[in-house]
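There are 2 protein chains.
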Amino acid sequence: MPARVTIKDVAAQAHVSYQTVSKVLNNQAQVSADTEKRIWRAVKKLGYVPNHRARDLRIQRSHMLGYSWRPDTPNQINPILDMFLHSMVEAADAKGYHILPFPHSDPENHIHSYRDLIRTGRVDGFILSSVEYQDSRVKFLRREKFPFVAFGEADPESDLFVDVDGTAGMMLVTQHLIAQGHTRIAILGWPKTSRVGQNRLDGYLKAMREARLETRPAWIARGEGSFDFGYETTRKWLDARVRPTAIAAVTDLLAVGAMRAIQASGLRVGADIAVTGFDDTPMAQYLTPALTSIRQPIWQVGQQVIELLVNSLEQAPLAETQVILKPELIVRESSVGR
Amino acid sequence: MPARVTIKDVAAQAHVSYQTVSKVLNNQAQVSADTEKRIWRAVKKLGYVPNHRARDLRIQRSHMLGYSWRPDTPNQINPILDMFLHSMVEAADAKGYHILPFPHSDPENHIHSYRDLIRTGRVDGFILSSVEYQDSRVKFLRREKFPFVAFGEADPESDLFVDVDGTAGMMLVTQHLIAQGHTRIAILGWPKTSRVGQNRLDGYLKAMREARLETRPAWIARGEGSFDFGYETTRKWLDARVRPTAIAAVTDLLAVGAMRAIQASGLRVGADIAVTGFDDTPMAQYLTPALTSIRQPIWQVGQQVIELLVNSLEQAPLAETQVILKPELIVRESSVGR
DNA sequence: TAAGTTAAAGCGAACGTTCGCCCGAACGTT
DNA sequence: AACGTTCGGGCGAACGTTCGCTTTAACTTA
Chain P
0 MPARVTIKDV AAQAHVSYQT VSKVLNNQAQ VSADTEKRIW RAVKKLGYVP
50 NHRARDLRIQ RSHMLGYSWR PDTPNQINPI LDMFLHSMVE AADAKGYHIL
100 PFPHSDPENH IHSYRDLIRT GRVDGFILSS VEYQDSRVKF LRREKFPFVA
150 FGEADPESDL FVDVDGTAGM MLVTQHLIAQ GHTRIAILGW PKTSRVGQNR
200 LDGYLKAMRE ARLETRPAWI ARGEGSFDFG YETTRKWLDA RVRPTAIAAV
250 TDLLAVGAMR AIQASGLRVG ADIAVTGFDD TPMAQYLTPA LTSIRQPIWQ
300 VGQQVIELLV NSLEQAPLAE TQVILKPELI VRESSVGR
Chain F
0 MPARVTIKDV AAQAHVSYQT VSKVLNNQAQ VSADTEKRIW RAVKKLGYVP
50 NHRARDLRIQ RSHMLGYSWR PDTPNQINPI LDMFLHSMVE AADAKGYHIL
100 PFPHSDPENH IHSYRDLIRT GRVDGFILSS VEYQDSRVKF LRREKFPFVA
150 FGEADPESDL FVDVDGTAGM MLVTQHLIAQ GHTRIAILGW PKTSRVGQNR
200 LDGYLKAMRE ARLETRPAWI ARGEGSFDFG YETTRKWLDA RVRPTAIAAV
250 TDLLAVGAMR AIQASGLRVG ADIAVTGFDD TPMAQYLTPA LTSIRQPIWQ
300 VGQQVIELLV NSLEQAPLAE TQVILKPELI VRESSVGR
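Residue numbers (numbering that gives the first Met the number 0), protein chains in the order written: chain P, 0 to 337; chain F, 0 to 337.
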């Protein structure tokens, strides 16, 4: 490990006091063009880079943004994480910040991690994902007046957030099915406690209402977003006297379960019964038939989240405090060819 | 934001000098039981937590471990990232460290990011993944004598690394196919430049040799690990005069391509031609038929990587410097039922 | 010419720790 | 009684910055 080159080395090289070097570096300087030039030359020559540890201590900021994500249940991956994290890391880097991922413990000890990171001065702000109704993290951070941005609608009144319009997404899907001539459309949804699930369901309901189509309570299923729930529910629907001709799922995994159930009963997905997913998981395109789904603009979400957070940290004027992005419909074989 | 409570506040509360508090906190103390008790009580009462920024500056460490991963090519996800990162984050946390993910730029400017993180004192060490032959990062860090651990075999002579035995994995798969009665087994592999790809191919070759089965050059395909390559290559094999009865792929995605080609030509995967993948991507279990694959012990890799790195940073004795883990065969429908 | 104004750069202090050295008291030894 | 040891704890300094105040010199202005 080579000897560190500090601001004092640069100062010596340029024949000025080290504080003057600091001024030039943060260009808040009253400095003659000549000395400025000398200083920059010295910086270049010695390959000086400011030491973040010292800088952060002095200015009482860490330039770190905390992020923790929900650990996956064993068989469910988080297809979004990769791109989301990558997007945030890049956006943060461009603004001189870094992302600090930390363990997402159970809701009980949850707040602990947040509190500790604040107290130890590790982070300047947080990014929250999977925000639910009455989220304890939101409450805590708001109480502490500590900066954060949520991915997912937090409190419309006061908080910063970025969200993808799930209602619009589900409307897109439902309208697509209707355009294909379907009228008997069932939905595989999430529990009522899920904010995201509720939004998506609303989109389905709205599209159905606008098309003046009947929604049967029996065709609105709510459960966990698992393969099994999709499979079993679909089986029941297939066994019923009147079958739906299309099934819209709020998750790709649920859709896969539905597809399997349909295929197991000898019917063809797409031709006999249309199926759609949500999230456009990577596997969607590789299923047989390939799954129609809704793609979220995750990269943009990451960029926006960081933009909002950094601007608020640096007291920059916020053009907008709440960003709602539109998702995109990806039509594949599972919902056409009737 | 509540006023920070510093070590001096604790000292005042306990009626000692603040340096004494520091000693107690780092229990390198010559302190009477009485004062020690007083100090701890004060710490509790005030809810004191040491400020990491200041501590890190003083001791010249950051307790951060840098990690950057290869950004995904658009259609390929990194199913491993989620669990790997999570595993590392947890392991690091347990030892008082944090993971710092940073942008993985193109190989050219690549080293820049590493150098900057070192110079600015942001990190104490690095975790490298996707290590290839003649990896420039490895060369650089070795030259700088900066601590790092590789996921993937680096230099057996000198470096710390954790790897999953790809050769063993591919042997497992090949032997499984042989046990199912297959003798004409083809392999979908990666280019020669890929270290991982070479290891896996070796496993196939070894298993075939041990079983005294013939390996035809035409049945050893090498290309990028894409769906298309799997699809096209398989089509060619199917059109040939003599067909393989089983196809082992070094990637799930390649296997999916193969499955599609087989199904497109009216054959049944499993019953007519067996297919196996590698990595046990989450989608593997949801394909029809479900895909036999090899699961890597990613969680353990993450734990071991951190263990190695932290121990080497803290000069702790290293029980082992190079860890090779065995993968696990997951048998599903795509390779049975002949 | 004296006073006032401005530009350039220096200087001390502080951020919150840890580290190593020093000092005094108590104790035991010859 | 004088001397060495040990223990408990205090003190100054340092890590590498940034911040705000002060000083010096040069330039205006009346």
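Glycine included, every Cβ here is placed at the ideal spot set by N, Cα and C.
Confirm, please, whether the CB-CB distance from residue j to residue i is below 8 angstroms.
i, j, result
"D315 (chain P)", "T275 (chain P)", "For the record, residue 315 (chain P) in the displayed sequence is Ala; it is not Asp. No, these two residues do not count as a Cβ contact at 8 angstroms."
"V23 (chain F)", "A10 (chain F)", "no"
"Q321 (chain P)", "L159 (chain P)", "yes"
"I272 (chain F)", "E327 (chain F)", "no"
"L290 (chain P)", "R234 (chain P)", "no"
"T166 (chain P)", "N198 (chain P)", "yes"
"G256 (chain P)", "Y230 (chain P)", "yes"
"T119 (chain P)", "N50 (chain F)", "yes"
"L140 (chain F)", "Y113 (chain F)", "yes"
"G269 (chain P)", "V172 (chain P)", "no"
"V161 (chain F)", "V304 (chain F)", "yes"
"M170 (chain F)", "K144 (chain F)", "no"
"W146 (chain F)", "L286 (chain F)", "Before going further, note that residue 146 (chain F) is Pro rather than Trp in the sequence given. Contact flag unset, no."
"V300 (chain P)", "K94 (chain P)", "no"
"G151 (chain F)", "R221 (chain F)", "no"
Which same chain residues end up closer than 7 angstroms to residue i when comparing Cβ atoms and leaving out the 5 residues on each side of it in sequence?
i, result
"W298 (chain P)", "M82, S86"
"K325 (chain F)", "D164, A167"
"D55 (chain F)", "S61, H62"
"N74 (chain F)", "With a pLDDT of only 45 at N74 (chain F), under the threshold of 50, the placement of this residue in the model should not be trusted; the figure read from the coordinates follows. If we look at N74 (chain F) and ignore the five residues flanking it on each side, it has no Cβ neighbours."
"Q302 (chain F)", "S86, A90"
How far does the beta strand (DSSP E) with residue i in it extend, from its first residue to its last?
i, result
"T275 (chain F)", "273-275"
"D162 (chain P)", "159-163"
"Y17 (chain F)", "Premise fails: Y17 (chain F) lies in the alpha helix (DSSP H), 17-24, not in any beta strand (DSSP E)."
"G95 (chain P)", "Taken as a continuous stretch (DSSP letters only), G95 (chain P) belongs to no beta strand (DSSP E), as it is neither H nor E."
"R294 (chain F)", "292-294"
"A328 (chain P)", "Note on residue identity: the sequence assigns Leu, not Ala, to residue 328 (chain P). Where L328 (chain P) is concerned, the enclosing beta strand (DSSP E) stretches over 327-329."
"G65 (chain F)", "63-67"
Considering only residues of the same chain and omitting the five flanking positions on each side of residue i, which have a CB-CB separation below 8 angstroms?
i, result
"L99 (chain F)", "M63, L64, G65, Y66, L116, R121, V122"
"A365 (chain F)", "An answer regarding residue 365 (chain F) cannot be provided, because it is not within the stretch 0 to 337 covered by chain F."
"R37 (chain F)", "A13, H14, V15"
"Q179 (chain F)", "A245, A273, S334, V335, R337"
"L80 (chain F)", "W68"
"I110 (chain P)", "S135, R136, F139"
"W39 (chain P)", "V23"
Where does the unbroken alpha helix (DSSP H) through residue i begin, and where does it stop?
i, result
"R57 (chain F)", "51-58"
"A149 (chain F)", "First-last for A149 (chain F): 147-150, but that is the beta strand (DSSP E), not the alpha helix (DSSP H)."
"L45 (chain P)", "32-45"
"K7 (chain P)", "6-13"
Excluding five sequence neighbours on each side, which residues of the same chain lie with their C-beta closer than 6 angstroms to the C-beta of residue i?
i, result
"I186 (chain F)", "Y203, I219, A247"
"I177 (chain F)", "A210"
"I261 (chain F)", "V268, I272"
"R136 (chain F)", "L127"
"L307 (chain F)", "V148, L159"
"V42 (chain F)", "V9"
"F125 (chain P)", "G65, F147"
"L200 (chain F)", "G188"
Short of 7 angstroms Cβ to Cβ, which residues in the stretch 223-234 of chain F face chain P?
F226
Kindly provide the ranges of any alpha helix (DSSP H) runs that are 4 or more residues long and lie completely inside the stretch 101-140 of chain F, ordered along the chain.
106-118
In chain order, each alpha helix (DSSP H) run of at least 4 residues that lies wholly inside the stretch 206-250 of chain P
226-238
Considering only residues of the stretch 172-201 of chain F, which uninterrupted beta strand (DSSP E) runs meet the minimum length of 3 residues and lie entirely inside it, listed in chain order?
184-188
What are the residues in the stretch 255-271 of chain F lying within 9 angstroms of chain P by C-beta distance?
V255, G256, M258, R259, Q262
Pull out every residue of the stretch 95-122 of chain P whose Cβ sits closer than 7 angstroms to any Cβ of chain F, in chain order.
H97, I98, L99, P100, F101, P102, D115, R118, T119, G120, R121
Considering only residues of the stretch 298-325 of chain P, which uninterrupted beta strand (DSSP E) runs meet the minimum length of 3 residues and lie entirely inside it, listed in chain order?
321-324
Any residues in the stretch 32-52 of chain F with a beta carbon nearer than 9 angstroms to a beta carbon of chain P? Which ones, in chain order?
G46, Y47, V48, P49, N50, H51, R52
Could you run through the stretch 180-202 of chain P and flag, in chain order, every residue whose CB is less than 8 angstroms away from some CB of chain F?
none
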